[in-house]
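To start, the structure under review is shown below, and the notes come after it.
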Amino acid sequence: MNVRVYVTPKKGILDPQGATVERALPNLGFSGVSDVRIGKFIEFRLDPPPGTTLEQARATVDEMCRKLLANPIIEDFTFTVDEG
Amino acid sequence: MNVRVYVTPKKGILDPQGATVERALPNLGFSGVSDVRIGKFIEFRLDPPPGTTLEQARATVDEMCRKLLANPIIEDFTFTVDEG
Amino acid sequence: MSPASGRVRFGVVVFPGSNCDTDAHHAISTFPDATAQYLWHKDTDLAGVDAVILPGGFSYGDYLRCGAIARFSPIMQAVRDFAADGGLVIGICNGFQILVESGLLPGGLLRNMGLKFVCRYVNLRVENPATPFTHTCREGDLLRIIVKHNEGNYAVDPTTLAQMKARGQIVLRYADAHGKLTPAANPNGSVENIAGICNETFNVFGMMPHPENSVEAHMAGGTDGRTIFQAMIDSALGRAEVKA
Amino acid sequence: MTSDYVSRRADVDAAVKLGLTADEYAHICEIQGGEPTYVELAVYSLMWSEHCSYKHSKPVLSRFPTSGPRVLQGPGENAGVVDVGDGWAVAMKVESHNHPSAVEPFQGAATGVGGIVRDIFTMGARPIVSCDSLRFGELDEPRQRYLLDGVVGGIAHYGNCLGIPTVCGEVYFEPSYEGNCLVNAMAAGLLRADGIVRAKAAGIGNHVVLIGNKTGRDGIGGASVLASQEFDETLEEKRPSVQVGDPFTEKKLIEACLELLHGRLVVSMQDLGAAGLTSSSSEMASKGMVGLDIHADRVPLREADMEPWEIMISESQERMLSIVAPAKLAAVREVCERWDLDCTVIGEVTDTKMLRIWWHGEVVGDIPARRLADEAPIVRTPSVKPAYLVDDPVAVTDAGYPPAADLGAALAELLAAPNVADKRWAWEQYDYIVQANTMQIPGGDAAVLRIKGTPRGIAFTNDCNGRQCYLDPYRGAKAAVAEAARNLSCAGALPVAVTDCLNFGNPEKGDIFWQFEQAVEGMAQACEALDTPVVSGNVSFYNESFGKAIYPTPMVGMLGLYDDVSVHIDHSFKDEGDVVLLLGPDGAWIDGSEYQKVHYGRVEGRIPDVDLEAERRLQAALRAAIGRRLLKSAHDCAEGGLAVALAECAIGSGVNGGTRYADPEAAGAAGRWRGADIGLPEALLAAPGQPPGAAGRPDLALFGEAPTRVVVTCAADDVGTLETLLADVPHRRIGVVTGEDLRCTMAGNELFSVPVSALCAAYESLPDRLA
Ligand SMILES: Nc1ncnc2c1ncn2[C@@H]1O[C@H](COP(=O)(O)OP(=O)(O)O)[C@@H](O)[C@H]1O
Ligand SMILES: [Mg+2]
Chain C
3 MNVRVYVTPK
13 KGILDPQGAT
23 VERALPNLGF
33 SGVSDVRIGK
43 FIEFRLDPPP
53 GTTLEQARAT
63 VDEMCRKLLA
73 NPIIEDFTFT
83 VDEG
Chain X
3 MNVRVYVTPK
13 KGILDPQGAT
23 VERALPNLGF
33 SGVSDVRIGK
43 FIEFRLDPPP
53 GTTLEQARAT
63 VDEMCRKLLA
73 NPIIEDFTFT
83 VDEG
Chain E
16 MSPASGRVRF
26 GVVVFPGSNC
36 DTDAHHAIST
46 FPDATAQYLW
56 HKDTDLAGVD
66 AVILPGGFSY
76 GDYLRCGAIA
86 RFSPIMQAVR
96 DFAADGGLVI
106 GICNGFQILV
116 ESGLLPGGLL
126 RNMGLKFVCR
136 YVNLRVENPA
146 TPFTHTCREG
156 DLLRIIVKHN
166 EGNYAVDPTT
176 LAQMKARGQI
186 VLRYADAHGK
196 LTPAANPNGS
206 VENIAGICNE
216 TFNVFGMMPH
226 PENSVEAHMA
236 GGTDGRTIFQ
246 AMIDSALGRA
256 EVKA
Chain P
17 MTSDYVSRRA
27 DVDAAVKLGL
37 TADEYAHICE
47 IQGGEPTYVE
57 LAVYSLMWSE
67 HCSYKHSKPV
77 LSRFPTSGPR
87 VLQGPGENAG
97 VVDVGDGWAV
107 AMKVESHNHP
117 SAVEPFQGAA
127 TGVGGIVRDI
137 FTMGARPIVS
147 CDSLRFGELD
157 EPRQRYLLDG
167 VVGGIAHYGN
177 CLGIPTVCGE
187 VYFEPSYEGN
197 CLVNAMAAGL
207 LRADGIVRAK
217 AAGIGNHVVL
227 IGNKTGRDGI
237 GGASVLASQE
247 FDETLEEKRP
257 SVQVGDPFTE
267 KKLIEACLEL
277 LHGRLVVSMQ
287 DLGAAGLTSS
297 SSEMASKGMV
307 GLDIHADRVP
317 LREADMEPWE
327 IMISESQERM
337 LSIVAPAKLA
347 AVREVCERWD
357 LDCTVIGEVT
367 DTKMLRIWWH
377 GEVVGDIPAR
387 RLADEAPIVR
397 TPSVKPAYLV
407 DDPVAVTDAG
417 YPPAADLGAA
427 LAELLAAPNV
437 ADKRWAWEQY
447 DYIVQANTMQ
457 IPGGDAAVLR
467 IKGTPRGIAF
477 TNDCNGRQCY
487 LDPYRGAKAA
497 VAEAARNLSC
507 AGALPVAVTD
517 CLNFGNPEKG
527 DIFWQFEQAV
537 EGMAQACEAL
547 DTPVVSGNVS
557 FYNESFGKAI
567 YPTPMVGMLG
577 LYDDVSVHID
587 HSFKDEGDVV
597 LLLGPDGAWI
607 DGSEYQKVHY
617 GRVEGRIPDV
627 DLEAERRLQA
637 ALRAAIGRRL
647 LKSAHDCAEG
657 GLAVALAECA
667 IGSGVNGGTR
677 YADPEAAGAA
687 GRWRGADIGL
697 PEALLAAPGQ
707 PPGAAGRPDL
717 ALFGEAPTRV
727 VVTCAADDVG
737 TLETLLADVP
747 HRRIGVVTGE
757 DLRCTMAGNE
767 LFSVPVSALC
777 AAYESLPDRL
787 A
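Chains as they are written, first to last, in the numbering used here: chain C, 3 to 86; chain X, 3 to 86; chain E, 16 to 259; chain P, 17 to 787.
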């Protein structure tokens, strides 16, 4: 299965990188950009034990995100799991 | 318009972060994970001048990625632009 | 807690990528009433030490998030149990990051506001001298200690912050030479200039600056870091009555 | 049955595509007894490249003095080693990463640090210092700011993560580096004098073990013509020639390898640098006069479908090759496992003296190791004096150089010039304190570190003024060595050894080769006179863009020693009433100076020649005075001349533990700024040897440059004793430390008077230019 995880800074939590990029863009001639948030994009292959359902796989990924890939105190996450 | 940019390490290039996370996962009880690649996920609002077409907006975002958001020498990127 | 030997035994945890472990060890060796020993991250017990140091560095390369992988090390369960029993734990820099990732301290540490690693002497204003880590100081004392980090920008939700303040968990803040909490004195954009915090029971302490690099008069760092370790030693020896 | 790898042979066209000449190809055929296989050709092309073979520079480099009573290991190993007393030794080396940094500044610089650090711990030394010497084009170019930002960030990223303090360095901005920045990374490590490990394979039947990262297609861009042209059309077109650094793995490698070396679990060790497995294995075989069998198919890969030649030449980072006796293999594996590092047996030591490359049971390359590693054909370029120097330059005269009207403003202008301005912006991104040895942090003349458990200490500096080397490579290179030694002496350390990085243009051009020869001659003479043998170094040629070469830049890294490190001093003014003295000859030149460049926008003339005997005497007296604790500060006069040196001493007084008081008001209130009242003698205007035009030019006395000059301060009570000690060194009392302004007069006329806080503001203005 192909998994893609999207981690973003939690709403209300400062995003120093996003803020800096937002400030830099007008100087490079790009206007009209706002609400820049910079997070992480994590891709991996998951080969669960045979017989694992998509639902079960999603539960595993959710746990991986909660435990390791994102820090729920400062980050939000979403993910997709594709069979293949 | 809502823009989402996905930046990933170029194929074939070393991704120390991904490799380290991949090594760590089995110790946390997650097995069957491979090919971990860690990149960036960037979201922002783009309010182009009135009359800008989606095509034009896409061209602008492409240029932003090339110039600032990604490092084309070691990273690939893709993006989506939604009206809204 | 009063160690039988009369000398406080510090355990310095070594994670892959720790690099201030030897500095912490060396710093402790300059105190006559303390000894230090290393604890390996794959160990499952603390070998009977009286206090634990989670040192600075780049555990697991700081990949993903600082401290995110280290917190799963086998030794961290022992550290959690030790802390739950009231044992003294100090996390310095990366150690602080590991403590917040572990949930032993509230909040999180974000990328520095300037997006650059910063290595600089700062002034730390002691906000709460009634902790096992600062009882050697008076409120408002300024400590001159070095920071060196890329992710020291402390963030926490407003509700928790208010509770922390009410309980006195904010222990150190970045200040200017006059003790004023100015934005210029804040090296990383940390909320309310926070540099060091305690847990609710005041036995777990995290700080971004490096007291272990300020323990010898003839070195570049001066000696202001000694007071933190001295406070821990006195507390562990039961010499100090510290209100928690 | 033979595979394509063996049956297909490489012709001269393939050789030329890989950068070899037809002559070299013929030579290869002769050695191989026929046409080489493609794997063999790939291996030769790299080992016989300039970078690996030193084919242009070797004969010239032999001019350097390389031995001395303290030298335990001279050039020829991964790093030079110097005895520092009490059974301790220091390994040191410098390496350039110019071209990778120009392509991808962050990763280029990061992997530069990674490479030089591997050279140090391969010797069995614990890396304790990292330094970086950088050159860029002018800062008003956005691309240059991007490069600077990336390079400094990359050095910080890698060095900080390793926990090695970056304690010194230099940054210069000159148009000549615009298309070709220079990134020279230097490192040093501490080891026991009897614990030096040499990269020599030994013990027939011993295992060849690869430790560390997996192998990918890193850095084989140049050789990929093999794939696209001849070998396998299906391979991917795009190959990442940029290497990404993994400092975390390198940190684990340091710990694991030192454990292996100190525990004598391995026979020897070698890092994989340029040309990867090829160079490390052939050099180890050649040094040990043995053969090595390498099974390329056993190398752990990051990408599954790699070809044997790709595996042999890949420059993937964070890998080490070691020779292990069978009986120790289990112990070696145990250490590597503890540090989570791959550890793979990929071959064995043989008695064939051949580097034999195996691929799934078949020999696909079989090359005499010594001829490959050490006997590349030498190339001799006839040297030709460059056109711009054909008419021997003469010292500039007054014409075209009207004196600056406002000398205070001119001083501020110089302090704000990027070459002079405070580089705190850069070094604050480096952890300069980790390992708890740093006694003098960046920002002064030299970095000073203690050696724990002993009273001893060491000092480091890097120096090279490329502009002066351009105007006269011989004098400029000589001056670079003299200045490096002077910087160490100013901190009270005895200069003892040099590592150098010789950055030049294309050596196939006669005028570039002339610059190279001249510079090496100048350095060699200075190293001889100052007793600082060259123990290691690096040559970086082909630093050109659009056919235009960089300024010749022979960067000098120097090591200094203290028997008692507690005597060390820094450059900042200390106490009200201290006496200021200028040591060294009168006279200063506008030729090649920062003043000439900044104020007049010109670079021309005849730079002064260092009097090495006078230099030696001055430095010895300086160290004697510091050793007797007579001096409170000492500072070398370099870019910007005497006035800038004085200003830096005053600005330094507002520093505490490396941080300038954030607001000058606070500093003033705390009484931290120390100004000075300086009265310059008119004799400085008409110094011997100076062009007549200098008479009546106080601006030249202030901003002109000359070697062998140092500003010192001492307590008023000690001046007499000091002057006795300085008997055979020219010296003058020129003022006292007082107030919070820097004031300068000549024969009763005020030349300038400026608050130190204002000088500091100018000096700290570099970040404004980077925004
Ligand atoms: N300019 C120089 N001065 C002194 N020694 C040098 C110089 N250039 C190269 N060397 C020596 O030649 C050897 C090969 O250098 P290099 O190819 O940079 O080594 P490595 O690939 O191990 O880093 C080293 O021992 C180095 O110290
Ligand atoms: Mg080497």
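Glycine included, each C-beta is placed from N, C-alpha and C at the ideal position. Note that this is a predicted model, so its numbers are computed, not measured.
The beta carbons of Ile339 (chain P) and Gly211 (chain P) sit no closer together than 8 Å. In summary, the residues of the region 98-123 of chain E whose CB is separated from some CB of chain C by less than 9 Å are Val115, Glu116, Gly118, Pro121, Gly122 and Gly123, in the order they occur in the chain. In the DSSP assignment, Ala107 (chain P) falls within the unbroken beta strand (DSSP E) covering Trp104 to Ser112. Of all residues in the region 209-240 of chain E, only His225, Glu227, Asn228, Ser229, Val230, Glu231, His233, Met234, Ala235, Gly236 and Gly237 come within less than 9 Å of chain P when Cβ atoms are compared, listed by chain position. Distance between Thr238 (chain E) and Ala232 (chain E), taken at the CA atoms: about 6 Å. A direct Cα-to-Cα measurement between Arg713 (chain P) and Glu698 (chain P) gives close to 10 Å. Under the Cβ distance rule, Ile40 (chain X) does not count among the residues neighbouring chain P, no pair being separated by less than 8 Å.
Taking 9 Å as the upper bound on Cβ-Cβ separation, chain E lies near residues Pro11, Lys12, Gly14, Ile15, Leu16, Asp17, Pro18, Gln19, Ala21 and Thr22 of the region 11-24 of chain C. By the rule that beta-carbons nearer than 8 Å mark a contact, Ile44 (chain X) does not touch chain P. The alpha-carbon of Gly122 (chain E) is positioned some 23 Å away from that of Ala199 (chain E). Shown here for Gly21 (chain E): same chain residues with a beta carbon closer than 8 Å to its own, the five before and five after excluded, namely Asp48 and Leu252 in chain order. Nearest C-alpha to Cys665 (chain P) among P:Asp693, P:Gly617, P:Glu629 and P:Arg644: P:Asp693. Going by beta carbons, Asn200 (chain P) and Ser112 (chain P) fall inside the 8 Å limit. Of all residues in the region 69-88 of chain E, the ones placed with a Cβ closer than 7 Å to any Cβ belonging to chain X are Tyr75, Gly76, Tyr78, Leu79, Ile84 and Phe87, in chain order. When DSSP states are grouped into helix, strand and coil, Val581 (chain P) belongs to the helix group. Using beta-carbon distances, Leu48 (chain C) does not count as an interface residue toward chain E, since no partner is under 8 Å. Assigned with DSSP and collapsed to three states, Phe32 (chain C) falls in coil, not helix or strand.
Separation of Met234 (chain E) and Glu227 (chain E) (C-alpha to C-alpha, rounded to the nearest whole angstrom) is 12 Å. Going by C-alpha positions, Glu85 (chain C) is about 19 Å away from Glu65 (chain C). DSSP places Tyr8 (chain C) in no alpha helix (DSSP H) but in the uninterrupted beta strand (DSSP E) bounded by Asn4 to Pro11.
Across the structure, Thr454 (chain P) and Arg142 (chain P) are spaced so that their CA atoms are roughly 15 Å apart. Secondary structure remark: continuous beta strand (DSSP E) runs of at least 3 residues inside the region 87-161 of chain E, in chain order: 103-107, 123-125 and 133-141. Not flagged as an interface residue toward chain P: Ile43 (chain E), since no C-beta distance is shorter than 8 Å. Met370 (chain P) counts as buried, since at least 16 other C-beta atoms from the protein chains shown sit within 10 angstroms of its C-beta. Residue-level contact check: Phe132 (chain E) touches chain P, since one or more beta carbons of chain P fall below 8 Å from its beta carbon. In this structure, DSSP gives Asn229 (chain P) a state outside helix and strand, which the three-state scheme calls coil.
Contact holds between the region 161-170 of chain E and the region 128-140 of chain E, because three or more Cβ pairs, one in each stretch, are under 8 Å apart.
Contact between Ala659 (chain P) and Leu741 (chain P) fails: their C-beta atoms lie close to 26 Å from each other, not under 8 Å.
Arg182 (chain E) and Asn73 (chain C) have their C-alpha atoms some 25 Å from each other.
Taking the C-beta atoms as reference points, Ala125 (chain P) is found nearer than 8 Å to Gly170 (chain P). For Leu30 (chain X), the C-beta contacts it makes with chain E under 8 Å involve Phe87, in order along the chain.
A residue is called buried when at least 16 other Cβ atoms come within 10 angstroms of its Cβ; Asp580 (chain P) does not meet this threshold and is exposed. In this structure, the beta-carbon distance from Lys230 (chain P) to Trp355 (chain P) does not fall below 8 Å.
Among the residues facing chain P, Pro31 (chain E) is included, as its CB has a counterpart in that chain under 8 Å away. In this chain, the beta strand (DSSP E) harbouring Ile750 (chain P) covers His747 to Val753. DSSP places Leu206 (chain P) in the strand class (E or B) of the three-state scheme.
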